[in-house]
Each structure stands twice: as C-alpha cells, then as structure tokens.
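Just so we're aligned: 554 in my numbering is position 331 of the sequence shown, and the numbers increase by one with no gaps anywhere. Beta carbons: idealized from backbone N, C-alpha and C, even for Gly. The structure displayed is predicted, hence computed values, not measured ones. Let me begin by presenting the structure, written as structure tokens, before commenting on it.
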Amino acid sequence: MNESNKCVEKDLAHIWHPASQMKDYEDFPPIIIDHGKGVKLYDVDGNEYIDIISSWWCNLLGHCNDEVSEALKEQVDKLDHVLFANFSHKIIIELSERLIKVMPEGLNKFSFVDNGSASVECALKMAFQYCAQNGKEHKKRFMCFTDAYHGETLGALSVGALDEYSKVFERIMVDTIKVQAPDCYRCPYNKHRDSCECECFEDAEKKFEEYGHETCAMIIEPLIQGSAGMKIYPPLYLKKLRALCDKYDVLLIADEIATGFGRTGKMFAVDHAGISPDIMCISKGLTNGYMAMAVCVSTDEIYEGFYGDYADNIAFMHSHTYAGNPLAASVANATLKIMERDNVLEDANEKAIWLNNRFHEIFDSHLNVGEIRQMGLINAIELVEDKESKKGFDSSERIGYKIYKEALKDGLMLRPLGNVMYFNPPLVITKEELEESLAICKKSIDNVLLK
Ligand SMILES: Cc1ncc(COP(=O)(O)O)c(C=O)c1O
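In structure tokens:
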C-alpha cells in the first residue's frame, strides 16, 4: 500500500469532509496534501497541483510564503492566545491600524471573530440590536438576494438562498425577504452588464417599498455572487442600492468575505462603486489562508448606538473564544504589509487584462462556453448545453465535477461551482502558471464534453 492509500484509509475511517457527499469518496478518495509552496500543492505521492482557486479563495500570496511564515514563527513564541474581553495586544492594534488604511470611508470599528459565517452572524445581530435600541424596534427583518451565499450557520443560511445548503433547514430558519439578484447572463431585460441602467433594480425598489419600513438591514455579496457561480453584476447596481437603503433607513451589509483584498481588482468590491456600506464582513484573504480570522467592520454611528452604562443593557454581547487571536493577527499583518509594499494588486491587475484576453481567445468559439465573466483575476466560464438558448446542462450530469476530476489528473485544482469553471488564483501567480492552467482547463473541458 502506498503512502497515499494508507492515509486515505485512516482519513475515511474518521473524518467527515465538508461540502461533499461522503459516498463520492468511495471512487474519488481525498487527495492527501503533504506540503504547499507558491501556487502549488504537493501530495504525499509527489504529484503537484496548481491551486487555481486559492484553496477556497483564501490564498493571495501563495502557499507558505516565507515572510508570512516568519511572522507566524516569531509570534508563536511570544503570545499564542489571550482572551479578548478586557485584554488586548499590540499585534491586533497594529492590524486595526493597517485595516483602517484600506477600509472604505467611515468603516472604522472592528469586531474580530474567527470565520466568515461568524462575521455574518455578528453583522446581522449588530444590525438588529442597533435598530432595537435606537428607536427603530419595528425594523426586525433582513433582506438578501436570491442565489445569495453568506455561510452556513443558521443565521447566515437564512440570508442565503442556495437550496443545496439551506433547503432542509427552511422550517427553522429566520424568514427573510428575497430581492431578485441581477442575472446578467440571462438578463430578463435583454441588456448587457457593461451598458445597462440596471433595469433589474426594479425588484429591489418594489421590495423596499413593501418591506423597507420593517427591514433593519440588507446583506449582499457586492458585484460577485461567488458560490452562485461567480455571477457578476455592475457597480451601478450597488450605487442604486446604497441610495435605496438610505431612503428607507435600511443598513447595508456588504459581505466582502470572498471579494475582499484585491480579488475584484480593487481592495474591496464596493470600491468599484465608490460606496461605503454600514457594516462589512471580511475574512479569507485577510490571513492568506494561514489562520481562521474574520472581522465585522462597522461605523462610528453604529458603535455609538451600543455605548452606555452597563446597566443600560445595550452592550453588544457577542463573543468568540478565538476573537482577535494573536497568531491570526500576525499573519494578517504580514499579508497586508506585503500587499502594500510589493504592489501586489497593481501587478495582479496587469495580469488580469492579459488573462481575460487569453480566456476569450481560447473559449469564445467553444461550443459549450455560454459566457466568460471576469473581475480582477477571477475568470469564470459558464458551460451550457446550447449557446443559442443558454440552456444549461442538467445538474444530474455533473459536468463540472467530471471536468474537475479530469483536470486533477493533469495537476490543476479546478473545483467547479455547478457547471461554472473558474480561476480565482493567488494574486502572485505568474503568466506561465496561468498559461499552463488554461491549457489543462481547455483539455479537461474537451475531454469531458467532446467525448
Ligand atoms: C461571500 C461569503 N460569505 C460567507 C462565507 C462563509 O465563510 P466561512 O466559510 O469562513 O464561514 C463565504 C465562504 O465561502 C463566502 O464566500
């Protein structure tokens, strides 16, 4: 039995992997990764894989970046963890000061938590409690988009709308108001995202008119609905939404967990629209994937709404054991420092134009590529059965999953979102590594679809 088979046997004896049907592992066992360096991961049998999806969109600077690792090693012998109520430490103060520099205007109060879903819970509770104790107790509901994804705790699922994650829990979820999300590829108004006036915004207007008075907050994934299949919509929509939220006194929560830290070509997706939300959730790229950390960022105005005497009972009693963990803060500091010092985003944007051109050169004429969508280094291709009618493949065919398995054979981690294949690579990936990934991607798609 080789090294990998031995590990797989032990793994499957005890480990319940996330976001998977465990039965699938019978004929597709987990790949046992031994180490990572740069954009590559290496398994215990010596096979290598280009991590074109940045290990669930976290890795900005490549795996095991020397400088980030060094920061962690330094911190590990100094302070591992300390409770965050009544205590603080220099490394988290440094992180707050770094974050302040890149945050959209007005966002300057940081509530540290330890994963993306937890930051969404924190944001929802904060919005609700803020309204409850600041003369808006009638505002008790949340709005969100159809096709939204904000994580998998019950509150986060309630403002999400992807059935595969939430359907079974429907009866115990919070009842939320769903606004029709923009669907630019299959635009019901026959417009194009580059030139439209966001005619689809009329559903938001309708929902706000009907429910705005009872809504405390609307939560969105700005510009890209990632888990829905990298569905991209125009910045104009965000501008309109900001104005609508102001009109109806509804807080706007931007979930930038996936889009933050340069993924869309700007530090945050909301920067494309020049707007600031009232609350923002960030995570993933923040620590380059080293440690679990997320932040719920809010404004002075919201913060003030919780400020008072203890007896007033208006404090925000939300806590997580690992909030503000020094080790996580050390890698976040190192990541932000490198991003700024090395102009990582500017370099990525130069590659982004080139990469998108290459996607068009390779896939425009492909029979099954319905749309190529791009923001920053994110490039997604939606595979369809029929380009003319935009009819998708039946999900039971699991086309994306088959292509994923095919690409792995050639050393590319091309995990799909349904029938959408996408690149969301470390920002430091080279053109050569992208070129190699494109060739494997094309070959894998053809091997599955042109058989
Ligand atoms: C937009 C968005 N929100 C929330 C989450 C949940 O984050 P976590 O998996 O850390 O709980 C994710 C994770 O992919 C996400 O993409």
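Spatial distance of Lys613 from Cys287 (CA atoms): 41 Å
Contact test: Asp478 Cβ vs ligand 1 heavy atom, cutoff 6 Å: yes
Residue nearest to Tyr513 in terms of C-alpha spacing, selected from Ile238, Trp279, Met245: Trp279
His373: CB within 6 Å of a non-hydrogen atom of ligand 1: yes
Beta-carbon gap between Ile537 and Gly531 smaller than 7 Å: yes
DSSP state of Met598 mapped onto helix, strand, coil: strand
Element boundaries [beta strand (DSSP E), containing Gly378]: Gly378 -> not in any beta strand (DSSP E); alpha helix (DSSP H) instead, spanning 377-381.
Counted within 10 angstroms of its Cβ, other Cβ atoms place Asn602 as buried (16 or more) or exposed: buried
Which of helix, strand or coil DSSP assigns to Cys345: helix
Chain-order list of residues whose beta-carbon lies under 6 Å from that of Glu629 (same chain, five-residue window excluded): Ser667, Asn670, Val671
Cβ distance (whole Å) where Leu509 is taken to contact Ala546 below 8 Å: 14 Å between Cβ atoms; not a contact.
The segment 488-495 / the segment 515-529 touching (three or more Cβ pairs under 8 Å): no
Within the segment 304-351, ranges of the alpha helix (DSSP H) (whole runs, at least 4 residues): 313-325
Check: Ser340 C-beta below 6 Å from any heavy atom of ligand 1: yes
Rounded straight-line distance, which links the Cα of Glu297 to that of Ser450: 36 Å
Nearest candidate by alpha-carbon position, reference Asn357, set Arg621, Asp472, His541: Asp472
Beta-carbon proximity check, Met453 vs Val643, cutoff 7 Å: yes
Buried versus exposed, by CB contacts within 10 Å (16 or more), Arg409: exposed
Straight-line Cα distance separating Ala481 from Ile395: 26 Å
Which residues DSSP lists as bridging His286, in chain order: Gly261
Terminal residues of the beta strand (DSSP E) in which Phe646 lies: 643-646
Ala481 Cβ short of 6 Å to ligand 1 heavy atom set: yes
Reference Ile561, options Ile315, Ala294, Glu479, closest by Cα: Ala294
Outcome for Glu320 when other beta-carbon atoms lying within 10 angstroms are tallied against a minimum of 16: exposed
Length of the line joining the Cα atoms of Glu422 and Leu461: 13 Å
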